[in-house]
Structures are given as C-alpha cells and as structure tokens.
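Undergrad: Residue numbers (our numbering), protein chains in the order written: chain A, 1 to 158; chain B, 1 to 158; chain C, 1 to 158; chain D, 1 to 158. Where a beta carbon is used, it is the ideal one built from N, C-alpha and C, also for glycine.
4 protein chains.
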Amino acid sequence: MFKTIISPSISDMNALRHVNNTVIPHWFESARSPLYTLFNPSHDLTYKKWNLILVHMDFNFIKPVYFGYDVEIRTYITKISKSSLTLSQEVWQNGQLRLNGNCVMLYYDYIKQESNLIPDNIRNKLMNHLISSKELEEKNRLEMKNKKENKKEFVESD
Amino acid sequence: MFKTIISPSISDMNALRHVNNTVIPHWFESARSPLYTLFNPSHDLTYKKWNLILVHMDFNFIKPVYFGYDVEIRTYITKISKSSLTLSQEVWQNGQLRLNGNCVMLYYDYIKQESNLIPDNIRNKLMNHLISSKELEEKNRLEMKNKKENKKEFVESD
Amino acid sequence: MFKTIISPSISDMNALRHVNNTVIPHWFESARSPLYTLFNPSHDLTYKKWNLILVHMDFNFIKPVYFGYDVEIRTYITKISKSSLTLSQEVWQNGQLRLNGNCVMLYYDYIKQESNLIPDNIRNKLMNHLISSKELEEKNRLEMKNKKENKKEFVESD
Amino acid sequence: MFKTIISPSISDMNALRHVNNTVIPHWFESARSPLYTLFNPSHDLTYKKWNLILVHMDFNFIKPVYFGYDVEIRTYITKISKSSLTLSQEVWQNGQLRLNGNCVMLYYDYIKQESNLIPDNIRNKLMNHLISSKELEEKNRLEMKNKKENKKEFVESD
C-alpha cells in the first residue's frame with residue numbers, strides 16, 4: 001500500500017463546501033506517483049520511454065470530504081494481469097472511508113501504440129503491494145467498526 | 001441528448017500530448033449544466049435549494065484526445081430511478097468516439113442529508129432525453145462504421 | 001480582439017459561490033488558443049516546433065463571477081516587442097467587467113532555450129489586434145458607463 | 001515563512017513537459033492554508049464567518065519546474081496594511097528559485113460586501129512572518145550564489 005497525505009485546499013472546495021468530484025482524479029493521480037517511479041525510475045516523460053497508459057477509472061462517493069482536516073490517500077494494487085494492472089484507491093478523513101475508486105493501466109508502447117507484457121522484474125515489485133478486493137473490503141470493515149464520525153464538526157445549515 | 005462543444009486548451013494537454021485523464025471530469029461536469037438547470041432553474045447553490053449529489057462516476061479511455069481539434073461532448077440519460085438518474089457521456093473528436101463514461105446522481109436534500117423521490121414534473125422532462133445503453137451502443141456503432149481516423153494527423157514520434 | 005464565451009461550470013465555483021481564482025488562468029489559457037494557432041498553425045506541441053513560453057501573468061479581481069450566466073473573455077494584444085508580446089485579458093459577465101489581467105509571452109526556441117525575434121509575417125498579423133492599455137481603459141469606461149448591475153440577482157446571505 | 005512541500009504530479013505537466021502555468025495558482029492557494037487558519041481557526045467557509053477575499057495575484061516564471069523532484073513552496077508576508085495584506089510566494093526545486101509571485105488579500109465582510117480593519121490580535125500574529133521585498137531578494141540572492149543547476153538532468157530534445 002502507498003500512503004499519501006493531502007491537505008484539502010480552499011480551491012478544492014465546491015459551492016456546497018465539499019471537496020468537488022473533479023478534484024479526486026488529481027489526488028489519485030498524485031498518489032500513483034510511487035507506482036510511476038517503479039515503472040519509470042528515470043521519470044522520462046517521452047514516447048520512447050514512458051510505458052503506462054490509463055484505460056479506465058471509476059469513483060464511488062460515500063461521504064463528503066471537508067475542509068480543515070488532512071486526508072489520507074491509500075493506493076493498493078488489486079490485480080496484476082499480463083499487460084495491465086488494477087489499482088484501488090481510497091480517501092480517508094477523520095477515520096472514515098470517504099470515497100474509493102479503481103483504475104486500470106496498460107503497460108504500453110507509445111511508439112508502436114500497443115500494449116506489452118509487464119516484465120518480470122517490475123511484476124515482482126508489484127506483487128509486494130498486491131491485495132485482493134475482498135481482503136481490502138474486510139480490512140476496511142474492521143477499521144471502521146469502532147469509529148464514529150463526530151457529526152457536530154460538519155453542520156450544513158448555511 | 002445534450003451537446004457541448006469544447007476546444008481543448010493547451011493546459012488540458014499532458015506530457016504525452018494527449019488531453020489528460022483529470023480533464024475529462026471537468027468537461028463532463030460542464031456538459032451536465034443543462035441538466036442542473038432542469039433541476040435548479042434558479043441556479044441557487046445553497047443547502048436549502050440545491051438538490052443533486054454525485055455518488056458515482058466512471059470513465060473508459062478508448063482513443064486519445066488531441067490538441068487542435070474541437071471535441072463534442074454528448075450527454076444522454078440512460079436510466080431514471082425513483083430518486084436517482086444515470087447519465088452516459090461521450091467525447092467525440094474527428095468523427096471518433098474517444099472516451100465515454102457514466103455517472104449516477106441522487107435527488108438529494110442537503111439539510112436532512114437524505115435522498116428524495118424525483119418529482120413528476122422533473123421526471124417528465126428527463127424522459128425526453130432517455131435512451132437505453134443498448135440503443136446508444138448501436139447508434140454509435142452505426143455512426144463509426146464508415147469513418148476512418150486519419151492516422152497521419154497524429155504521429156507520436158517525438 | 002479575440003472573444004471567447006464560457007459557461008461557468010459547477011466545478012468552477014468555490015465555497016463562497018464565486019468562480020474561484022484558480023479557474024481564471026485556465027479560462028485565459030483557453031482564450032489564448034487563437035493566438036497559439038497564429039504562431040503555430042500546425043498545432044505541433046514539440047520542442048522543435050512550439051515557439052511560445054509564458055514568463056509573466058497577473059490578475060485583478062474586481063467583482064465576483066457567478067454561476068448561471070455566461071461569461072465573455074476578451075483577449076487584446078497591448079504590446080508587441082522584438083521577441084515578446086503582452087496580452088490583456090478580461091472577464092465580462094452581465095455587462096460588467098469582473099476581472100482583468102495581463103500576460104507576457106516570449107517567442108522562444110525550446111531546443112536552444114533562448115528567445116528569438118518575432119518574424120515579420122507573424123508580427124503583421126499581431127498588429128491587427130493591437131490596442132494600447134489607455135485606449136482599452138477608455139473603451140471599457142464608456143461601455144460600463146450606463147450599465148448598472150442588478151444587485152438583486154446575487155444575494156450572499158447563506 | 002510558511003513552507004509547503006509538493007511532489008509534482010503527472011497531471012501537472014504540460015505538453016512541453018514543464019509544470020503548467022495554470023497549476024501554480026493551485027499550489028500557492030494550498031500553501032496559503034496556514035494563513036487561512038490564522039484568520040479562520042474554525043475553517044468555517046460561510047459568508048458570516050469567512051473573512052478573506054483575493055483581489056490581486058501575479059506570477060513570474062523564471063525557470064521551468066520539472067517532474068520527478070519535490071518542490072518547496074515558500075510563503076512570506078511582505079506587507080500588512082490597514083485592511084489588506086500582501087504575500088510573496090516562491091517555488092524552489094533542486095536549489096533553484098523557479099518562479100515567484102505576489103497576491104493581495106482583503107480582510108472582508110461577505111455580507112456587507114466591504115473590507116474591514118484587520119484586528120490587532122491577527123495583525124500581531126502576521127507580524128511574525130513579515131519580511132520586506134528587499135530583504136527577501138537579498139536572502140534569495142545569497143542562497144543561490146553557490147548553487148549551480150545540473151543542466152544534464154533536463155534535456156529537452158524530444
């Protein structure tokens with residue numbers, strides 16, 4: 001699991017004083033940086049070198065994210081296929097899972113415009129971060145079991 | 001169907017010279033504006049009045065979106081439930097479906113923090129834009145049948 | 001003058017229900033697209049071809065920009081130097097100048113990492129859009145003279 | 001001085017593989033968070049409570065910001081007036097000042113739509129972070145004196 005701490009910025013808040021949905025893809029992109037380094041240690045953003053392309057992303061909004069409290073982004077690898085990998089990412093704030101989502105990335109050759117097999121040396125490193133969706137769900141269920149959100153902190157009356 | 005034309009901006013392009021994945025949620029949000037007007041004719045962004053909340057969104061990246069050519073965002077209503085609706089949104093450029101996605105919104109009371117039944121007068125207006133996912137797929141298949149992308153326009157060699 | 005019409009999106013609004021300051025640089029970037037085309041007709045975003053780099057930008061926030069009303073972005077060229085040009089850009093909404101700003105761009109060689117003289121064929125095209133800051137100020141003063149903002153539209157009480 | 005560390009994200013990079021100009025206002029907004037807390041300890045984003053409004057911002061782009069290296073945002077208060085304050089903010093990467101800018105914020109009553117005098121208890125806290133523009137320039141000159149950027153890290157040839 002990769003952990004990233006972010007302080008919501010004023011500019012992340014929408015008219016209903018929640019972090020806006022369009023902000024989350026940026027946060028998840030930032031939280032994928034360690035994974036990009038794993039695939040591209042030289043950070044070389046060229047067609048010849050860069051080797052990942054996003055083909056899918058989804059987001060489930062469970063509870064609002066508020067201003068004034070840090071959030072923790074957790075990034076898990078939940079599936080490794082021949083030439084693609086699936087990530088599960090979560091936003092936690094004040095001990096509560098606020099939202100989660102998945103994305104699928106292809107190991108990709110930008111010049112030939114086709115996907116490639118993920119090499120073994122990278123695959124082995126990815127395996128260290130692998131967790132099944134089921135295990136992840138159970139882990140989160142246990143973590144939230146005894147936590148209650150302090151409702152008073154967030155009154156939406158004006 | 002709601003149609004929105006957008007010219008990709010330089011600031012929408014990423015290091016691989018495609019429109020970046022984080023831009024698309026903004027484009028789709030903009031393209032939902034006519035729907036927000038349908039639900040909130042007075043555009044009153046307050047807890048007492050505003051009545052929609054996003055609970056899910058997903059995106060499938062089929063082909064890259066490039067700089068220098070307008071894109072067309074198409075927004076369809078593909079499902080109307082008791083207190084929620086599902087939209088399908090697409091990005092077309094140069095006659096090709098570049099990416100699509102769905103989102104689910106709840107008809108929502110921000111003060112009580114609970115969903116409500118969509119009123120009939122709004123439901124009736126929504127029905128005018130309803131199309132099933134299957135019909136939409138078939139419609140798109142036919143539209144792209146005889147169109148070929150001019151590959152020469154987009155050479156990713158440097 | 002280049003004119004661009006934009007509908008503020010829900011995701012452009014901040015917690016005080018104004019268009020957020022961080023949105024404006026995006027809008028101005030979009031509104032500079034015709035100028036980019038003038039300098040780069042082939043839209044070739046490569047180090048060898050692309051020839052403009054931003055070195056300064058500033059913004060003056062005069063009145064808030066609200067949701068529910070289109071805005072007009074006006075882009076003027078207010079200065080053409082040997083190897084740089086200065087743009088003045090404005091956001092108008094409901095007949096009022098809401099904010100303005102300037103930016104300076106260099107005609108630039110990304111490979112040699114140095115500025116170049118603006119070629120005459122481009123310079124001649126730029127001249128068509130040239131207006132002095134003073135003329136622009138006077139033009140705007142006259143335009144707003146007989147217009148009064150309908151204050152009732154925007155009550156910030158909740 | 002307030003210090004904020006940010007890792008540039010893939011989505012912050014533009015087609016020329018620099019951090020895009022539109023990203024910097026977001027970074028500076030984030031880096032102003034400690035100041036917002038100083039003015040608004042309860043983080044209450046309502047018209048009745050929130051008390052700051054941005055009236056000006058400017059940015060000078062000195063050197064590009066690249067992917068793969070953390071940046072340090074430094075936020076100074078360079079002027080405190082009766083009802084406004086001026087901040088100077090800088091982006092440093094690899095020991096080099098990459099860009100800087102200023103912003104002016106009013107101490108503001110959103111209900112009455114007018115500025116107010118900054119109260120003494122806040123003013124006293126602000127004084128701790130005050131530095132003149134001249135001192136800041138001299139401080140930066142000394143810091144960069146013996147540092148040379150490793151040009152080899154950033155070759156813009158493809």
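Nearest chain C C-beta to Met13 of chain B closer than 8 angstroms, yes or no?
TA: The residue you call residue 13 of chain B lines up with position 13 of the second sequence. Taking Cβ atoms only, chain C reaches closer than 8 angstroms to Met13 of chain B, which makes this a yes.
Undergrad: Could you confirm whether any beta carbon from chain D is found closer than 8 angstroms to the beta carbon of Leu54 of chain C?
TA: Mapped onto the third sequence, residue 54 of chain C falls at position 54. So, interface residue.
Undergrad: Between Ser133 of chain D and Met105 of chain D, how many whole angstroms is the CB-CB distance? I'm expecting something under 8 angstroms.
TA: Start at 1 with the first residue of the fourth sequence, and residue 133 of chain D comes out as number 133. Start at 1 with the first residue of the fourth sequence, and residue 105 of chain D comes out as number 105. 17 angstroms between Cβ atoms; not a contact.
Undergrad: Keeping to the same chain, check which residues put their C-beta closer than 7 angstroms to that of Ile53 of chain A; ignore five residues upstream and five downstream.
TA: Mapped onto the first sequence, residue 53 of chain A falls at position 53. Cβ neighbours of Ile53 of chain A beyond the five flanking positions: Met105, Leu106, Tyr108.
Undergrad: Between which two residues does the alpha helix (DSSP H) containing Ile62 of chain D stretch?
TA: Taking the fourth sequence and counting its residues from 1, the one referred to as residue 62 of chain D is at position 62. No alpha helix (DSSP H) holds Ile62 of chain D; DSSP gives it neither H nor E.
Undergrad: Should Asp120 of chain B be labelled buried (16 or more other beta-carbon atoms within 10 Å of its own) or exposed?
TA: Taking the second sequence and counting its residues from 1, one reaches residue 120 of chain B at position 120. Flag for Asp120 of chain B reads exposed.
Undergrad: Could you tell me the alpha carbon to alpha carbon distance between Gln89 of chain B and Leu142 of chain B, rounded to whole angstroms?
TA: Within the second sequence, residue 89 of chain B is the residue found at index 89, counting from 1. Within the second sequence, residue 142 of chain B is the residue found at index 142, counting from 1. If I take the Cα positions, the gap works out to 18 angstroms.
Undergrad: What's the gap between the Cα of Pro25 of chain D and the Cα of Phe61 of chain C?
TA: Here residue 25 of chain D refers to the residue found at position 25 when the fourth sequence is read from its first residue. Here residue 61 of chain C refers to the residue found at position 61 when the third sequence is read from its first residue. Roughly 14 angstroms separates the two Cα atoms.
Undergrad: Tyr36 of chain C lies in the alpha helix (DSSP H); which residues open and close that run?
TA: Residue mapping note: residue 36 of chain C aligns to position 36 of the third sequence, counting from 1. 33-39 is the span of the alpha helix (DSSP H), which, as asked, contains Tyr36 of chain C.
Undergrad: Examine chain D for any beta-carbon lying closer than 8 angstroms to the beta-carbon of Arg17 of chain B, and answer yes or no.
TA: Here residue 17 of chain B is taken as the residue at index 17 of the second sequence, counted from 1. At least one chain D Cβ lies under 8 angstroms of Arg17 of chain B.
Undergrad: Considering only their Cβ atoms, is the gap separating Ser7 of chain B from Asp70 of chain B smaller than 8 angstroms?
TA: To locate residue 70 of chain B, count along the second sequence from 1; it is residue 70. To locate residue 7 of chain B, count along the second sequence from 1; it is residue 7. Closer than 8 angstroms, so yes.
Undergrad: Compare the C-beta of Ile10 of chain C against all C-beta atoms of chain A and say whether one is closer than 8 angstroms.
TA: Residue numbering aside, residue 10 of chain C sits at position 10 when the third sequence is read from its first letter. Yes, Ile10 of chain C lies at the interface with chain A (some Cβ there is under 8 angstroms from its Cβ).
Undergrad: Could you tell me the distance, in whole angstroms, from the CA atom of Phe2 of chain A to the CA atom of Asn20 of chain A?
TA: Here residue 2 of chain A refers to the residue found at position 2 of the first sequence. Here residue 20 of chain A refers to the residue found at position 20 of the first sequence. Going by the C-alpha atoms only, they are around 23 angstroms apart.
Undergrad: On the DSSP letters alone, give me the boundaries of the beta strand (DSSP E) that Lys134 of chain B sits inside.
TA: Taking the first residue of the second sequence as 1, we reach residue 134 of chain B at position 134. Run containing Lys134 of chain B: none in the beta strand (DSSP E); it sits in the alpha helix (DSSP H), 133-145.
Undergrad: Would you kindly work out how many angstroms separate the C-alpha atoms of Leu35 of chain A and His18 of chain B, rounded to a whole number?
TA: Against the first sequence, residue 35 of chain A aligns to sequence position 35. Against the second sequence, residue 18 of chain B aligns to sequence position 18. One C-alpha to the other measures close to 20 angstroms.
Undergrad: Given that Ser84 of chain B touches chain C, what residues does it touch there, using C-beta distances under 8 angstroms?
TA: Numbered from 1 along the second sequence, position 84 holds the residue referred to as residue 84 of chain B. Near Ser84 of chain B there are no residues of chain C at all, since even the closest Cβ is about 18 angstroms away, more than 8 angstroms.
Undergrad: The stretch 21-33 of chain C: which residues have C-beta closer than 7 angstroms to a C-beta of chain A, in chain order?
TA: Thr22
Undergrad: Measure the CB-CB distance between Ile5 of chain C and Glu72 of chain C and report whether it falls below 8 angstroms.
TA: Along the third sequence, read from residue 1 onward, the residue named residue 5 of chain C stands at position 5. Along the third sequence, read from residue 1 onward, the residue named residue 72 of chain C stands at position 72. Yes; because the gap between Cβ atoms is below 8 angstroms, this pair is in contact.
Undergrad: Going along chain C in order, which residues have a C-beta closer than 9 angstroms to the C-beta of Phe59 of chain B?
TA: If you number the second sequence from 1, residue 59 of chain B lands on position 59. Those do not exist, as Phe59 of chain B stays about 15 angstroms from chain C at its closest Cβ, beyond 9 angstroms.
Undergrad: Suppose the cutoff is 6 angstroms on Cβ atoms and the five residues either side in sequence are ignored; what does the same chain contact list for Phe67 of chain A look like?
TA: Here residue 67 of chain A corresponds to residue number 67 of the first sequence, with the count starting at 1. For Phe67 of chain A, where only same-chain residues beyond five positions count, the Cβ hits under 6 angstroms are Pro8, Met13.
Undergrad: Do you know whose CA, among A:Leu130, A:Met144, A:Gln113, A:Asn116, lies nearest Gln93 of chain A's CA?
TA: For the purposes of this step, residue 93 of chain A is identified with residue 93 of the first sequence, where counting begins at 1. Among A:Leu130, A:Met144, A:Gln113, A:Asn116, the Cα nearest to that of Gln93 of chain A belongs to A:Met144.
Undergrad: Can you find a CB in chain C that lies within less than 8 angstroms of the CB of Asn132 of chain B?
TA: Position 132 of the second sequence, counted from the first residue, corresponds to residue 132 of chain B. The displayed chain sequence assigns Ser, not Asn, to residue 132 of chain B. Chain C, which has no Cβ nearer than 8 angstroms to the Cβ of Ser132 of chain B, makes this no.
Undergrad: Using a C-beta to C-beta distance shorter than 9 angstroms, which residues of chain B count as neighbours of Leu106 of chain C?
TA: Indexing the third sequence from 1 puts residue 106 of chain C at position 106. What Leu106 of chain C touches in chain B: nothing, since even the nearest Cβ is about 15 angstroms away.
Undergrad: Does the CB of Ser7 of chain D have a neighbour CB from chain A at under 8 angstroms?
TA: Here residue 7 of chain D corresponds to residue number 7 of the fourth sequence, with the count starting at 1. Output row for Ser7 of chain D: interface = yes.
Undergrad: Across which residues does DSSP place Trp92 of chain B in a beta bridge pair?
TA: To locate residue 92 of chain B, count along the second sequence from 1; it is residue 92. DSSP output for Trp92 of chain B lists B:Glu72, B:Leu97 as bridge partner(s).
Undergrad: Around the Cβ of Ile111 of chain B, are there at least 16 other Cβ atoms within 10 angstroms (buried) or fewer (exposed)?
TA: Sequence index remark: in the second sequence, residue 111 of chain B carries index 111 (1-based). Classification for Ile111 of chain B: exposed.
Undergrad: In the DSSP output, which residue or residues are listed as bridge partners for Val19 of chain A?
TA: Start at 1 with the first residue of the first sequence, and residue 19 of chain A comes out as number 19. Answer by DSSP bridge pairing, in chain order: A:Met13.
Undergrad: Give the secondary structure of Asn127 of chain C by DSSP, where H, G and I count as helix, E and B as strand, and everything else as coil.
TA: For the purposes of this step, residue 127 of chain C is identified with residue 127 of the third sequence, where counting begins at 1. Reading off the sequence shown, one finds Met at residue 127 of chain C, where the question assumed Asn. Note: Met127 of chain C maps to helix in three-state DSSP.
Undergrad: Do Thr78 of chain D and Leu117 of chain D have their beta-carbon atoms positioned less than 8 angstroms apart in this structure?
TA: Start at 1 with the first residue of the fourth sequence, and residue 117 of chain D comes out as number 117. Start at 1 with the first residue of the fourth sequence, and residue 78 of chain D comes out as number 78. In this structure, Thr78 of chain D does not lie closer than 8 angstroms to Leu117 of chain D by Cβ.
Undergrad: What distance in whole Å lies between the Cβ atoms of Leu38 of chain D and Ile122 of chain D, which are believed to be in contact at a cut-off of 8 angstroms?
TA: As a first step, residue 122 of chain D must be located in the fourth sequence, where it is residue number 122. As a first step, residue 38 of chain D must be located in the fourth sequence, where it is residue number 38. Sure, about 7 angstroms apart at Cβ, within 8 angstroms.
Undergrad: DSSP three-state call for Asn51 of chain D: helix, strand or coil?
TA: What you label residue 51 of chain D is simply residue 51 of the fourth sequence in a count that begins at 1. Coil.
Undergrad: Measuring CA to CA, which of A:Val55, A:Thr22, A:Pro41 is closest to Lys125 of chain A?
TA: Counting from 1 along the first sequence, the entry for residue 125 of chain A is found at position 125. Ranking A:Val55, A:Thr22, A:Pro41 by Cα distance to Lys125 of chain A puts A:Pro41 first.
Undergrad: Could you check the C-alpha separation between Val91 of chain C and Glu29 of chain C for me, to the nearest Å?
TA: Counting from one through the third sequence, the residue named residue 91 of chain C turns up at place 91. Counting from one through the third sequence, the residue named residue 29 of chain C turns up at place 29. Between Val91 of chain C and Glu29 of chain C, the C-alpha separation is close to 13 angstroms.
Undergrad: Counting C-beta neighbours from all protein chains within 10 Å, is the total for Leu87 of chain A 16 or more, i.e. buried, or is it exposed?
TA: Position 87 of the first sequence, counted from the start, is the residue given in the question as residue 87 of chain A. Buried, since its Cβ has 16 or more Cβ neighbours within 10 Å.
Undergrad: For chain D, find out if any of its Cβ atoms is closer than 8 angstroms to the Cβ of Leu45 of chain C; answer yes or no.
TA: By 1-based counting over the third sequence, the position of residue 45 of chain C is 45. Yes, its Cβ sits closer than 8 angstroms to a Cβ of chain D.
Undergrad: State the beta-bridge partners of Asn121 of chain D as determined by DSSP.
TA: Position 121 of the fourth sequence, counting from 1, holds the residue named residue 121 of chain D. According to DSSP, which records beta bridges pairwise, Asn121 of chain D is partnered with nothing at all.
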